[in-house]
Amino acid sequence: MNIEMFFVKTENSEALIKIIEKRLNTQPDTVGEQPNWKLFSSYDSILIKELRRKIAVSISKNGWISAIESKEVIDFKLLQQISEQLKTKVIAIQLSEITGCCGYSSCLSGKIIESYFSEEDENPMGTLKAYLKMNGIEHSLLSFREVLNFKNQNWVIVLRASK
């Protein structure tokens, strides 16, 4: 299972969705423009040319909102903007159970405060669940497909505006 999600410490889903909508409706970044969150970034190879982006945003649970991009890639520039504009904590997580890779990085008010990445984790899912629990995050780790299977119950799908 491959999962790339992010979590935002807020209950203001409207403000979060507005930031996401604005980002989805801007031109993609140029190569190398993504900030370094000390995690693997596939933005340059996957999202840079992708205009049909979708991001699923959950309801708030215990003061945290979870989100996942349809391409299961993290847009670190978006996460930094969210953290700066909402003056809050944002956590990004990555999981590849097949390869045993996992990682997380957190940002507070736009500044990276913590990061971890391992290519040899014996229990990558357990490592991420423990980190999320330590931060009070009660959301499940899901793929975008799994979110769609919930038929948008408790999730909002944010799309790029059609032109």
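Taken in order, the sequence shown gives residues 78 to 240; the numbers are from our numbering.
Ideal Cβ positions, reconstructed from N, Cα and C, are used throughout, including at glycine.
All figures in this text were calculated on a predicted structure; none of them were measured in a lab.
Length of the line joining the Cα atoms of residue i and residue j
i    : j    : result
E161 : F83  : 15 Å
T165 : I159 : 8 Å
K115 : I145 : 19 Å
I189 : K131 : 25 Å
Q230 : Q111 : 32 Å
A92  : G177 : 35 Å
K148 : F221 : 8 Å
M202 : I80  : 10 Å
L185 : K210 : 18 Å
D106 : N200 : 34 Å
R22  : N212 : The shown model of the chain, from 78 to 240, leaves out residue 22, and the question about it has no answer.
H216 : L163 : 20 Å
Own chain residues within Cβ distance below 6 Å of residue i, not counting five before or after
i    : result
T204 : C179, D198
R100 : L155
K206 : none
E196 : C178
A238 : N102
L236 : K131
L218 : I80
Residue burial classification, residue i (beta-carbon count within 10 angstroms, cutoff 16)
i    : result
V108 : exposed
K86  : buried
S118 : buried
Q157 : buried
Q104 : exposed
I151 : buried
Contact set for residue i: own chain, Cβ-Cβ below 7 Å, skip 5 residues either direction
i    : result
Y193 : G180, Y181
V224 : A133, I145, W232
G187 : Q157, S160, E161
Residue range of the beta strand (DSSP E) that includes residue i
i    : result
G180 : 178-185
A169 : 166-173
F221 : No beta strand (DSSP E) contains F221, which is instead part of the alpha helix (DSSP H) from 221-226.
Same chain, Cβ closer than 8 Å to residue i, neighbours up to 5 away in sequence not counted
i    : result
S90  : V134, I136, S137, I142, V233
E88  : S137, G140, I142
I123 : K148, V150
Element boundaries [alpha helix (DSSP H), containing residue i]
i    : result
A238 : Note, A238: premise wrong, no alpha helix (DSSP H); not H, not E.
K99  : 90-101
For this session: Evaluate the contact criterion for the stretch 170-184 versus the stretch 89-96: three or more CB pairs, one atom per stretch, below 8 Å.
Result: The stretch 170-184 makes no contact with the stretch 89-96: fewer than 3 CB pairs, one atom from each, lie closer than 8 Å.
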